[in-house]
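Going by UniProt numbering, the first residue of the sequence shown is number 1, and it counts up by one from there.
Have a look at the structure below before the remarks.
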Amino acid sequence: MNLDRARTTPRDTRSQADMPTADFLLLPQPSTDAYPGGGVILQYRDGSNRVLDHTYRPYDPAAMMQRWGPHLVSQLYSGVDIGPTGFFDVLANVQRYQVSWRPPLPSDATLYRIFPFIASLNIRIWDPKVAQVPGRSTRFFGLDFVSLEGDPQHVGADVEVVVGRRSVPGGPEVEGQALVPIDDVDLTSPQTFGVFADVVYEFHSHNYHIISYSFPYNLLE
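Below, the structure written as structure tokens:
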């Protein structure tokens, strides 16, 4: 859950000269089921008193996370329903998993799979070791583009990984949207993407759709 909370601001009929010019306002928020413990909304405004952004700051962060933590943690489990449980119990379970996102070396051929893409590039799939449901196979993969010799490459904007058709709307990915690299540090470093198992991704080169793939959950077993 995003702790930013949408707020409808009524139109102010005062003249511009009467409008306050503070950088932000503090708006107390009472305790509710959705926001246990209450808090304050920091509402940022420009010189014309227009709302630019707003952030919710809870008075009781532990109560807030106990209320919404399981929903947040379920996203780490690729949206799998892990049943009712306390946030701190779930978090302790998640912390048992190392999150590395470290790509395997080209010589570690048993740790990845190669898929054809274009003449000079292949698609490489590997296990990023992100949190997953205990007892289940990998549900989330690391993806990068490698040369024919297996070395990771920087592809820039020439190559796009696009979310393919999704049978269920409202998931963590939007159909037709290009994925953003998780580690696009500079203009030369290889990019890494995160993709889910058993759903379709389209691979584009220079704005042309080249091929589509769906990577099965047991791909690396």
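All residues carry an ideal CB built from backbone N, CA and C; glycine is no exception.
For the pair residue 65 and residue 37, the CB atoms are not nearer than the 8 Å cut-off.
An exposed status is given to residue 172, since fewer than 16 other beta-carbon atoms sit within 10 Å of its beta-carbon. For residue 63, the secondary structure class from DSSP, reduced to helix, strand or coil, is helix. It is roughly 39 Å from the alpha-carbon of residue 156 to the alpha-carbon of residue 48. Residue 27 has its alpha-carbon roughly 13 Å from the corresponding atom of residue 45.
Taking residue 216 as the centre and dropping the five residues before and after it, the same chain places the C-beta of 197 and 198 closer than 7 Å to its C-beta, in chain order.
Around the beta carbon of residue 124, 16 or more other beta carbons lie within 10 angstroms, which makes this residue buried. Sequence-distant partners of residue 174 (beyond 5 residues in either direction) whose C-beta falls short of 7 Å from its own C-beta, in its chain, are 163.
Exclusion of the five residues before and after residue 190 leaves 144, 152, 153 and 154 as the residues of its chain whose Cβ lies within less than 7 Å of its Cβ. In the displayed model, residue 101 falls within coil according to three-state DSSP, outside both helix and strand.
Under the 10 Å beta carbon count, residue 32 is surrounded by fewer than 16 other beta carbons and is classified as exposed.
Residue 200 and residue 30 have their C-alpha atoms some 44 Å from each other.
In the DSSP assignment, residue 163 falls within the unbroken beta strand (DSSP E) covering 159–163.
Look at residue 192 here: in three-state DSSP terms it is coil, with no helix or strand label. Burial check for residue 208: the Cβ neighbour count within 10 Å stays below 16, so the residue is exposed.
Between residue 147 and the set 129, 140, 127 and 116, the nearest pair of CA atoms involves 116.
Take the alpha-carbon of residue 177 and the one of residue 120: they are about 25 Å apart. Exclusion of the five residues before and after residue 41 leaves 27, 29, 54 and 56 as the residues of its chain whose Cβ lies within less than 6 Å of its Cβ.
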